[in-house]
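Q: Got a structure for you, questions after.
Protein chains: 2
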Amino acid sequence: MPARARYDAETIHAILDEALFCHLGFAVDAQPFVVPTIHARVGDRLYVHGAVASRMLKVLASGAPCCVTVTLLDGLVLARSAFHHSMNYRSVVVLGTGRLVEEPSEKLRALEAIVEHVAHGRSREARPPNDKELAATHVLSLPIEEASAKVRIGGPIDDEEDRAWPVWAGVVPLTLAAGAPIADARMSPSAPPSDVVTGWRRPC
Amino acid sequence: MPARARYDAETIHAILDEALFCHLGFAVDAQPFVVPTIHARVGDRLYVHGAVASRMLKVLASGAPCCVTVTLLDGLVLARSAFHHSMNYRSVVVLGTGRLVEEPSEKLRALEAIVEHVAHGRSREARPPNDKELAATHVLSLPIEEASAKVRIGGPIDDEEDRAWPVWAGVVPLTLAAGAPIADARMSPSAPPSDVVTGWRRPC
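Protein chains in written order, with numbering that gives the first Met the number 0: chain A, 0 to 203; chain B, 0 to 203.
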């Protein structure tokens, strides 16, 4: 999937903000692990969180280098030749070393940002974390310093000699679509959905 | 994101097949890298491909351990408490060591499988790879042996004491949706789109 590299903060931040989750890479004894997790960006820092017992967070809190990658799939690129098939996408790779967030107000802000990242406005209507929940959660902060984006846009790049190959070529656009909200049946009564829920749109 | 672990081949294969791309993790001098790339499953093997010059494939072909992770995002889980917010998803992690595919017929079948994985039927209508293209492409084979899935399904798991918290709780379902195909304007004439294009659906 050839794509144009970009290094400007505006592009990098926009992709990080639009992606609902990331894939976090770390290594234990030379074996890489790649784990999906939710992230949030606050300024030029990324936050991820997890249970205090999480192996991933223990490894990262110890100062092990990590890689956070987010990828937004925008379309299938169907070329005339099998070779030039591709995908349109926007991705960001952030390399670095995290640190555990110890300061209570920064930790609370980071957890709010993670909820806000997934559903804008939700941190103001959900029940905030209590002391027990905060103690059970680790938050890791990663600077967005060594970061790069890759962006592929547009149609297939076919060879001139394939012009007459008798097949349609172009792009099938792909987007993440939200369906009708499904109310929790396990616990009732439930309040009616707020604008946070009914108006949910993919962050961008 | 707590989720139930599963180890049966049926679940693992179905998730690998539905995911249009994977995140591939490898390490260079203890620095992990996580790169989005297209994969295909043939039986109990995964194939990925790339340019012969690709650093990723050079590292993997040398026998470095790697991790292939795919994640399907199925919904946002909005709980009454911030703490119990989550996502519904299905993911697979495959650990192992790849080998470069040298045998020409296996290489060709793997490349066909990658095109078929993205758009079923496309390898029969696109121009097949020629010798030059085959020589420029590396294909890596990874056994699906050390593999596990995680699946989170269903609504929020709130604490009993949050039952009366005055907020809607439930799930916002998310799916990958295909838009109307966009014909390549850069090269013409183009054939009309075949069933492969107009009938494209997310593999599952």
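Backbone N, C-alpha and C define an ideal beta-carbon position, used for all residues, glycine too. Bear in mind the structure is a predicted one, so any value in this text is a computation, not a measurement.
Whose Cβ in chain B lies nearer than 9 Å to the Cβ of H38 (chain A)?
A: Going along chain B, no residue has its Cβ under 9 Å from H38 (chain A), so there is no contact; the nearest lies around 12 Å.
Q: State whether the region 109 to 121 of chain A contacts the region 49 to 66 of chain A, with contact taken as three or more CB pairs (one from each stretch) at a distance under 8 Å.
A: no
Q: Once the 5 residues before and after A109 (chain B) are set aside, which same chain residues still bring their CB inside 8 Å of it?
A: A39, V41, Y46, H48, V100, V138, S140
Q: Of all the CB atoms in chain A, is at least one closer than 8 Å to the CB of M204 (chain B)?
A: Outside the shown range of chain B (0 to 203) lies residue 204 (chain B), about which nothing can therefore be said.
Q: With a 10 Å radius around its C-beta and 16 neighbouring C-beta atoms as the bar for buried, classify T136 (chain B) as buried or exposed.
A: buried
Q: Evaluate the contact criterion for the region 179 to 198 of chain B versus the region 166 to 177 of chain A: three or more CB pairs, one atom per stretch, below 8 Å.
A: yes
Q: Between B:D161, B:A182, B:G97, B:N129, which has its C-alpha nearest L107 (chain B)'s C-alpha?
A: B:N129
Q: Could you check where the alpha helix (DSSP H) with A112 (chain B) kicks off and where it finishes?
A: 103 to 117 is the extent of the alpha helix (DSSP H) around A112 (chain B).
Q: Which full runs of the beta strand (DSSP E) of 3+ residues lie inside the region 126 to 197 of chain B, going along the chain?
A: 136 to 142, 145 to 151, 169 to 177
Q: With which residues is G120 (chain A) paired in a DSSP beta bridge?
A: G120 (chain A) is not bridged to any residue.
Q: Could you check whether V92 (chain B) and A13 (chain B) sit closer than 8 Å to each other, using their CB atoms as the reference points?
A: no
Q: Within this structure, are the beta carbons of P35 (chain A) and F25 (chain A) separated by less than 8 Å?
A: no
Q: Does the distance from the C-beta atom of A176 (chain A) to that of A176 (chain B) stay below 8 Å?
A: yes
Q: Compute the Euclidean distance between the alpha carbons of I37 (chain B) and G178 (chain A), then round it to the nearest angstrom.
A: 27 Å
Q: Check H84 (chain B) in the structure and name its three-state DSSP category.
A: coil
Q: Among A:E9, A:A50, A:D158, which has the Cα closest to the Cα of D43 (chain A)?
A: A:E9
Q: Is V67 (chain B) helix, strand or coil by DSSP?
A: strand
Q: Near G154 (chain A), which residues of its chain fall below 8 Å by C-beta distance, leaving aside the five closest residues on each side in sequence?
A: V76, A168, G169, V170
Q: Using the beta-carbon of each residue, which ones in chain B are nearer than 8 Å to V114 (chain A)?
A: A81, H84
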